[in-house]
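A.B. asks: Protein chains in written order, with the working numbering: chain E, 1 to 287; chain P, 1001 to 1301.
We treat Cβ as the ideally placed atom computed from N, Cα and C, and that holds for glycine.
Model, not experiment: these values are computed from the prediction.
Attaching a single structure in C-alpha cells format; questions to follow.
Take a look at the structure:
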C-alpha cells in the first residue's frame, strides 16, 4: 500500500518535470525524495547559518559511518541505527555545549573524531561493508526506498510544525541566548528540539548527497538567500526557492548524458553556482 | 551597610548573604543589600568586582549561595518579570532581519514568514517611540550603530513590561551627552511605568546625578544608600582600592544638576541646554521657569 501511494505521488511529481529522464521510475522516486529533502535542508540551513552550527551538522553527517557500524554490531538495519545514533549524538553535543566550559568547536571536534574513528574501525573489518561505504561518502538518491521516503515525509511534517512554532524564537535565540532567556524564552527546550531534528535531517540528507557534501546542501541555499534577503520573511522563502532549484535542477542535470555526474555532486555544484551569482550581485548592490 | 532585617517590603530586591565562588576566586562574598522598589539603583565598583555576576544572580542565570529575595512577589509565588539590556550585543550582523523583525521575534507567535501581527507592530511602535527611535523600525538590525542598538534593546526590555529593568553599563561607549540623554530617558520611562531600575555603572558623576540608591561593590558591599550620602571618601577608597575624590558634579550640565524636582520643563533641559541661558547660581532661566516666584518666564532661546 505504501509502495502504491509513493508511486502515485512520484508520478504526480514527474508531471512537474516533463522530461525524458523522468519516465524512469527510479528518477521519479529520487525526485520525490529530493522534493521532501529540499525544505528540510533549506529551513534547517537557515538556522544552522544563523546559529553558526555548520560544524555540528558536519559531525552528525560523519556519524553515518558509526551508525552503520552500530547496525553491524547489533545486527540491525542501518536505516534504524543511523538516525538513532545521529539523534543521540546531536543531543549529546548540545548537552555538552550547554553544560561544559569547553568551546563548542572543541566539544564537537572530540565527538566528531570519536564517531568517525569508531565507524571506520568497525566498518573496515568487514569487506562487504567497506564496499558499501561509497554510498555514504557520495550519496545515492537514485536507490532511495519506500521506507526512506515515508520517513522523510514524517520528518518534514514534524519539522514544519517545529518551524511554525519556533521560527521566531530561534531567530531571537540566535541573536543572543542570554537576552532570550531573561525575556522568558525557554532557550534549552528550543535548542534541544532543534538539535534533535537537525540530526535527523542531516542523516537523511546523507542519502542524497553523501557525508562529504551534506553540510553544503544545508548551508549553501541559506547563504545564497542571505545575499538577497532583507528581512526574515524573504530569508525563509528565498532559502526554500534556492534549495528546491538546486535539488531538482541538480538531479535533472545529473541525468543528462552530457553531464554524467552523480546527483549529489550536481546538486551541490548548482547550489554553489547560485551562491557565486548571489555573492557578485550582493557586492554590486552594496557598491 | 544595611542588614537584611533592616529592609522593608518597599524593596524590590533583597540580597541576603549572597555568595559565589568560581574556582579559587571569591566573586561575591556575603552580599547583603537592598534595591528600593520603583527607584533607580546603581551598582558601582571597579572592573572584576562582581557587578555583572550580582545582576546575573538577580536574573537567576547563575548558581549562588544565600538568597535573592523579591519581597511581595515571592509571597505571591511568582518570579519578577525582567527587562535586560546587556553592556554590548555581540551578534551576527549579517542576519537578514529588520529591527521590527527582531522585536517581533520575541513577542509574536505567528511565524514571521507569514507576516507581522498588526497588534504587535503597533505596540512595538509605541515603545520605539518612548525610546525615540521609531525611524529605525524598518532598518536592518545589523546595520545599526552601538547607541542605536542600545535603544532598540531598551525598547525590547520595556516591551516585557518588567517589574525590574537591569542595565549593564548601557552608557559605556556612548558620549557624555548620549549618556545623560539615556539616563533622563530612563527616568522618564521609569516614572511613567513604575518599574525598578538596576544599572551597573562606572560613571560616579552620572550615578550621583541620577541614581536614587547606590550599592558600592568590590566582591563585598562597602556601602549603600542615597548616593550623595553613601559615596563618601572612605567608601570610595575601599571600593575602588584607590584614594578617590568625591564625584565631580561639574561635568554635569548645571541645568540638570540644579533643576528642582518640581520644574515643569525638567525633562526638556537636555534638549534646551545648548540654547538656554543659565543665570549664575540662580536656577530658573534654563527652563524658562521662575522658581523663586513660581511664575513662568519667557524662554530665552
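Would you report the Cα separation of residue 109 of chain E and residue 1211 of chain P, rounded to the nearest angstrom?
C.D. replies: 48 angstroms
A.B. asks: Could you give the first and the last residue of the continuous beta strand (DSSP E) run that contains residue 159 of chain E?
C.D. replies: That residue, residue 159 of chain E, is in no beta strand (DSSP E); its alpha helix (DSSP H) goes 146–175.
A.B. asks: In chain order, what residues of the same chain lie with their CB nearer than 8 angstroms to the CB of residue 1115 of chain P, ignoring the 5 residues before and after it?
C.D. replies: none
A.B. asks: Does the beta carbon of residue 165 of chain E come closer than 9 angstroms to any beta carbon on chain P?
C.D. replies: yes
A.B. asks: Mind checking which residues open and close the beta strand (DSSP E) that includes residue 126 of chain E?
C.D. replies: Looking at the DSSP string, residue 126 of chain E is not in any beta strand (DSSP E), and its letter there is neither H nor E.
A.B. asks: Whole beta strand (DSSP E) runs in the region 1064–1089 of chain P with 3 or more residues, listed along the chain?
C.D. replies: 1065–1069 and 1082–1085
A.B. asks: Select from E:275, E:28, E:274 and E:215 the residue whose C-alpha is nearest the C-alpha of residue 146 of chain E.
C.D. replies: E:28
A.B. asks: I'd like the span of the beta strand (DSSP E) that includes residue 1019 of chain P, first residue to last.
C.D. replies: From DSSP, the beta strand (DSSP E) with residue 1019 of chain P extends over 1011–1022.
A.B. asks: Give the range of the beta strand (DSSP E) segment to which residue 1213 of chain P is assigned.
C.D. replies: 1213–1218
A.B. asks: List the residues that DSSP assigns as beta-bridge partners of residue 1025 of chain P.
C.D. replies: P:1022
A.B. asks: To the nearest angstrom, how far is the alpha carbon of residue 1017 of chain P from that of residue 189 of chain E?
C.D. replies: 32 angstroms
A.B. asks: CA-CA distance, residue 85 of chain E and residue 119 of chain E?
C.D. replies: 11 angstroms
A.B. asks: Rounding to the nearest angstrom, what Cα-Cα distance links residue 216 of chain E and residue 267 of chain E in this structure?
C.D. replies: 10 angstroms
A.B. asks: Here's the rule I'm using: 16 or more other beta-carbon atoms within 10 Å means buried, otherwise exposed. How should residue 258 of chain E be labelled?
C.D. replies: exposed
A.B. asks: I'd like to know whether the C-beta atoms of residue 220 of chain E and residue 45 of chain E end up nearer to each other than 9 angstroms.
C.D. replies: yes
A.B. asks: If you count every other CB in all the chains shown that lies within 10 Å of the CB of residue 227 of chain E, and 16 or more means buried, which is it?
C.D. replies: buried
A.B. asks: Taking DSSP as the reference, what is the three-state secondary structure of residue 1041 of chain P?
C.D. replies: strand
A.B. asks: Look up residue 1036 of chain P in the DSSP assignment and give the residues it is bridged to.
C.D. replies: P:1011
A.B. asks: Taking Cβ positions only, does residue 276 of chain E come closer than 9 angstroms to chain P?
C.D. replies: no
A.B. asks: Helix, strand or coil: how does DSSP classify residue 1237 of chain P here?
C.D. replies: helix
A.B. asks: So does residue 183 of chain E have its beta carbon nearer than 8 angstroms to some heavy atom of the ligand NAD?
C.D. replies: Among the ligands in the structure shown, none appear at all, so the ligand NAD cannot be discussed.
A.B. asks: Given that residue 1061 of chain P touches chain E, what residues does it touch there, using C-beta distances under 9 angstroms?
C.D. replies: 178, 181 and 182
A.B. asks: Suppose you measure from the CA of residue 1147 of chain P to the CA of residue 117 of chain E; what does that come to, to the nearest Å?
C.D. replies: CA-to-CA, the gap between residue 1147 of chain P and residue 117 of chain E works out to about 49 angstroms.
A.B. asks: Looking only at its chain, what residues have a beta carbon closer than 7 angstroms to the beta carbon of residue 223 of chain E, apart from the 5 residues adjacent to it on each side?
C.D. replies: 49 and 275
A.B. asks: Identify the contact partners of residue 229 of chain E in chain P, using a Cβ-Cβ distance below 8 angstroms as the criterion.
C.D. replies: Simply 1096.
A.B. asks: Would you call the region 1147–1165 of chain P and the region 1129–1137 of chain P touching, i.e. three or more CB-CB distances under 8 angstroms?
C.D. replies: yes
A.B. asks: Consider the Cβ of residue 191 of chain E: report whether some Cβ of chain P lies at a distance smaller than 9 angstroms.
C.D. replies: no
A.B. asks: Does the Cβ of residue 155 of chain E have 16 or more other Cβ atoms within 10 Å, making it buried, or fewer, making it exposed?
C.D. replies: So residue 155 of chain E counts as buried.
A.B. asks: Give the interface partners of residue 50 of chain E over in chain P, defined as CB-CB distance under 8 angstroms, in chain order.
C.D. replies: 1092 and 1095
A.B. asks: Using CA coordinates, which residue listed in E:142, E:151, E:14 and E:175 is at the minimum distance from residue 51 of chain E?
C.D. replies: E:175
A.B. asks: For residue 1277 of chain P, does the count of other Cβ atoms within 10 angstroms reach 16, so buried, or fall short, so exposed?
C.D. replies: Because residue 1277 of chain P carries a pLDDT of 43, less than 50, the predicted location of this residue cannot be relied on, and no value is offered for it.
A.B. asks: With 9 angstroms as the threshold, decide whether the Cβ of residue 1078 of chain P is near any Cβ in chain E.
C.D. replies: no
A.B. asks: Are the beta-carbon atoms of residue 63 of chain E and residue 198 of chain E separated by less than 9 angstroms?
C.D. replies: no
A.B. asks: Taking the beta carbon of residue 1034 of chain P as the centre, do at least 16 other beta carbons fall within 10 Å, making it buried, or is it exposed?
C.D. replies: Buried.
A.B. asks: Distance, Cα to Cα, residue 181 of chain E vs residue 1127 of chain P?
C.D. replies: 21 angstroms
A.B. asks: Does chain P have any CB closer than 9 angstroms to the CB of residue 234 of chain E?
C.D. replies: yes
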